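Trainee:
Numbering (the numbering used here), first residue to last: 59 to 285.
(1) Residue ranges of each beta strand (DSSP E) run of no fewer than 3 residues wholly in the stretch 195-246, ordered along the chain?
(2) Tell whether a beta-carbon distance below 8 Å holds between residue 183 and residue 177.
(3) Assuming residue 194 and residue 121 are in contact, meaning their beta carbons sit under 8 Å apart, how far apart are those beta carbons, in whole angstroms?
(4) To which residues of the same chain is residue 268 closer than 6 Å at the C-beta, ignoring the five residues directly before and after it?
(5) With residue 284 and residue 124 assumed to form a contact (beta carbons below 8 Å), what rounded beta-carbon distance in angstroms separates them?
(6) Kindly list the residues whose CB is nearer than 6 Å to the CB of residue 159, restricted to its own chain and excluding five residues on each side of it in sequence; keep chain order.
(7) Out of 146, 66 and 78, which has the shortest C-alpha to C-alpha gap to residue 273?
(8) What residue does the beta strand (DSSP E) around residue 161 start on, and which one ends it?
(9) Between residue 77 and the rest of its own chain, which residues show a CB-CB distance below 8 Å, the 5 nearest in sequence each way excluded?
(10) With burial defined as no fewer than 16 other Cβ atoms inside 10 Å of the residue's Cβ, what is the status of residue 137: buried or exposed?
(11) Going by DSSP, what residue range makes up the beta strand (DSSP E) through residue 109?
(12) Could you tell me which of 75, 97, 84 and 82 sits nearest to residue 63, measuring between CA atoms?
(13) With H, G and I counted as helix, E and B as strand and the rest as coil, what does DSSP make of residue 183?
(14) Between the stretch 149-156 and the stretch 219-227, do three or more beta carbon pairs fall short of 8 Å?
(15) Between which residues of its own chain and residue 277 is the CB-CB distance below 6 Å, once the five residues before and five after are set aside?
(16) Quick check on residue 282: does DSSP put it in helix, strand or coil?
(17) Just how far apart, CA to CA, sit residue 265 and residue 230?
(18) Between 67, 205 and 107, which has its C-alpha nearest residue 279's C-alpha?
(19) For residue 255, name the three-state secondary structure that DSSP assigns.
(20) Here's the rule I'm using: 16 or more other beta-carbon atoms within 10 Å means buried, otherwise exposed. How should residue 181 be labelled?
(21) Compute the beta-carbon to beta-carbon distance between residue 200 and residue 139, rounded to the nearest angstrom, for a pair I have assumed lies under 8 Å.
(22) I think residue 241 touches residue 135, with their Cβ atoms under 8 Å apart; what is that distance to the nearest whole Å?
(23) Where residue 257 and residue 163 are concerned, what is the direct C-alpha to C-alpha distance, given to the nearest angstrom?
Shown next as structure tokens:
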């Protein structure tokens, strides 16, 4: 948002959060230069913060906020119609939003579950959900629909429920998404993704393996780290 679009109440709240962050004995809030950051991002073509580290206590709605951001990212890519063409990606490739936790079950139950519930209650995205399973679901774009129709017209059958936006829960032990078309990565309880917790990889190793895939989406990539 442009600064002039904020209400007086918004600016007062953000100002109080910024002042609260300066208290070194009990810092609560946002970076004191947050409005300078907003200005920088706007001037450089961003419309969202590309990397969010949400440090908050229990019941602080980190997952709900993550769910909203996940639905927003899926909605943005869906709105592009042919997002592959927009970003110069191979036609009909699969774009990936991935939630990583120590175990796949943990990812599916928590942050991924919040994203799924938000999408299921989103009037814009809900009609386009495909293959909604415990650990993943797909969103079918208008370009996907045309591709399916073309395949059928050519007499080529599809033995899968084709859709090109994929949201999934994954474990830190998984390396299957390294080098994929990832546009959003979520690291659930990242501080606990360490050796000896049931994971075969540390959080640092997973981060280094997953993050390079985001580069091809430039300003539209997104990383969320709730902890």
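We put the CB at the ideal spot given by N, CA and C, even for glycine. What you are looking at is a predicted structure, and each value in this text was computed from that prediction instead of being measured.
Mentor: The short version:
(1) 223-229 and 240-245
(2) yes
(3) The Cβ separation is near 17 Å, so there is no contact.
(4) 243
(5) 6 Å
(6) 165 and 246
(7) 146
(8) Per DSSP, residue 161 belongs to no beta strand (DSSP E) and is neither H nor E.
(9) 87 and 90
(10) exposed
(11) 109-112
(12) 97
(13) coil
(14) yes
(15) 103 and 104
(16) strand
(17) 9 Å
(18) 107
(19) Residue confidence for residue 255 is low, a pLDDT of 45 falling below 50, so the modelled location carries little weight; the figure read from the coordinates is stated next. Reduced to three states, the DSSP call for residue 255 is coil.
(20) exposed
(21) 5 Å
(22) 7 Å
(23) Legend: pLDDT at residue 257 = 47, less than 50; position of this residue unreliable, no value from coordinates given.
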